[in-house]
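Enquirer:
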Amino acid sequence: MSTKRVGHSISLLFFSISLNYVGSFIITASYDGSIRMFDYSKTLRSRTATHTAPITSLCLISESDPTYTIASSSHDRTGQITQVRISENGSLSSTVLATLHLHTAPLSSIHSDGNYLLTASWDGLIGFWDTSIPLSDETPDPTPADRGKKRRRVDEEPKPKRKAPLSVLKSHTSRVSKAIFSPSRQNKAYSCGFDSTVRIWDTEYGTCEYTFVSIPISQIEMY
20 MSTKRVGHSI SLLFFSISLN YVGSFIITAS YDGSIRMFDY SKTLRSRTAT HTAPITSLCL
80 ISESDPTYTI ASSSHDRTGQ ITQVRISENG SLSSTVLATL HLHTAPLSSI HSDGNYLLTA
140 SWDGLIGFWD TSIPLSDETP DPTPADRGKK RRRVDEEPKP KRKAPLSVLK SHTSRVSKAI
200 FSPSRQNKAY SCGFDSTVRI WDTEYGTCEY TFVSIPISQI EMY
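One point on numbering: in the working numbering, the residue at position 189 of the sequence shown is 208, and numbering is uninterrupted.
#1: Answer yes or no: do G133 and I80 have a C-beta to C-beta separation smaller than 8 Å?
#2: Report yes if the C-beta distance between A124 and T158 is below 8 Å; otherwise report no.
#3: What's the gap between the Cα of G212 and the Cα of C227?
#4: Tell me the DSSP secondary structure of F213 in three-state form.
#5: Helix, strand or coil for W141 per DSSP?
#6: Can you give the Cα-Cα distance for Y229 and Y59, rounded to whole angstroms?
#7: Does I152 pass the burial test, meaning 16 or more other C-beta atoms within 10 Å, or should it be called exposed?
#8: Is S127 near S196, with beta carbons less than 8 Å apart?
#9: Among I145, S193 and L154, which one has its Cα closest to the Cα of A208?
#10: Can you give the Cα-Cα distance for T57 and T97, rounded to whole angstroms?
#11: Around the Cβ of E223, are there at least 16 other Cβ atoms within 10 angstroms (buried) or fewer (exposed)?
#12: Tell me which same chain residues have a C-beta within less than 7 Å of the C-beta of L185, skipping the five on either side of it?
#13: Would you say S113 and Q102 are within 8 Å of each other, going by their C-beta atoms?
#14: Please report the straight-line C-alpha distance between S233 and T216, rounded to a whole angstrom.
#15: One question on the structure: do A90 and L136 come within less than 8 Å of each other, judged by their Cβ atoms?
#16: Name the residue from T192, L111 and I219 whose alpha carbon lies nearest to the alpha carbon of I45.
#17: Ignore the nearest five residues each way along the sequence and tell me which others in G225's own chain have a CB closer than 8 Å to its CB.
#18: Between which two residues does the beta strand (DSSP E) holding A48 run?
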């Protein structure tokens, strides 16, 4: 791993992923844990309470009109993969397909290149995931089994599958504020954190290739 030191704070040119355009709609994520869809007349068309805590970021995984797949990250320490469907009459429906389980602290960002996901967290870790939906849970559900008859009836409804990461990228020594895929280099990713560094990763091998160190600051953001 190579380390480079620079005398100023570092930011990388990129785009915000808290709002996305999906077909003829705008999809947003907010601190109330909900994902909303608006049409271009600013009319609220759909609201789904997907997370139990503030949502920190949102990204589009894939689109195949009329179905769109999105990913979100939250302070509830999980990421989610959600499918949004637009019916012929223009009504919207959404289904949470999978939840991402790795982190022990709030997630600060999520990013997709269409086939994979990166999650960044305050626990100092970066999760590297594929976007497939497993047939069964890949991580155990910690909820106690004995929850009463009423609870068991609720559990009979389809539940999102619990996904585990393909690998965990470890190098940051403090909170990771954002992680993104390289838009031009295959198997490369960038991250920044409260340790005043930007790091370049090889996602195929899960290794940190370069570290850029700035003067001491509390946080580095990527745009």
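Backbone N, C-alpha and C define an ideal beta-carbon position, used for all residues, glycine too. Treat the numbers as computed from the prediction; the structure is a model and nothing was measured.
Expert: In short:
#1: For G133 and I80, yes; Cβs fall inside 8 Å.
#2: No, they are not a contact pair.
#3: If you take the alpha carbons of G212 and C227, they lie about 14 Å apart.
#4: Reduced to three states, the DSSP call for F213 is coil.
#5: Correct three-state label for W141: coil.
#6: About 43 Å.
#7: Sixteen is the threshold: since fewer than 16 other Cβ atoms of the shown chains lie within 10 Å of the Cβ of I152, the residue is exposed.
#8: Between S127 and S196, the gap from beta carbon to beta carbon is short of 8 Å.
#9: Ranking I145, S193 and L154 by Cα distance to A208 puts I145 first.
#10: The sequence shown places Phe at residue 57, not Thr. Looking at the two C-alpha atoms, the distance is approximately 25 Å.
#11: Exposed.
#12: F147, W148 and D149.
#13: Note that the C-beta distance between S113 and Q102 is below 8 Å.
#14: Counting only the Cα atoms, T216 lies some 6 Å from S233.
#15: Yes, the pair counts as a contact, with Cβ atoms nearer than the cut-off.
#16: Comparing C-alpha distances from I45 to each of T192, L111 and I219 shows the shortest one belongs to L111.
#17: If you ignore the 5 residues before and after G225, its C-beta comes within less than 8 Å of the C-beta of F147, S186, V187 and L188, all in its own chain and listed in chain order.
#18: Where A48 is concerned, the enclosing beta strand (DSSP E) stretches over F44 to A48.
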